[in-house]
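Okay, structure first, notes after.
What follows is the structure, encoded as structure tokens:
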């Protein structure tokens, strides 16, 4: 494995029982990024990656035209863009315990893996919350309709 790559752990998610919406309260983030050279830039990169990952999970729909293969969301008017109230407060500090031996400063990348791990964490959390209701699969984006449709009782009723 390339030790210059950042790894993330993201957690803490709940689902409203009444309307199946994601209230997105707080979260935990641990990024293994090696030596921190500039903490302000590191925090901004991680938060930007988290914002992009949350946008992917909650808003982004990869809809393509069947005949042409062209993406259907061609402007910001029909493409989900996160607002500040779509995002969550994340606690956590970068983990500097594993410095990189392949770079002069011991630093690794930061921010990129946040955008990869955030959608997976959100989808996993929603599936975990829906497990008692029999849901075992869910699509994206995680709209209230998508969440509701994942529940077997909703499909049969």
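In the numbering used here, the protein residues as written are 327 to 483.
Note that CB positions come from ideal geometry on N, CA and C, so glycine has one too.
- According to the DSSP secondary-structure assignment, residue 397 is paired through a beta bridge with 390.
- In the three-state reduction of the DSSP assignment, residue 358 falls in the strand class.
- Nearest Cα to residue 360 within the set 474, 380 and 427: 427.
- In the DSSP annotation of this structure, residue 468 is not part of any alpha helix (DSSP H), being labelled neither H nor E.
- The beta carbons of residue 386 and residue 467 sit closer together than 8 Å.
- Listed in chain order, the non-local C-beta contacts of residue 397 below 6 Å within the same chain comprise 390, local neighbours out to five positions each way being set aside.
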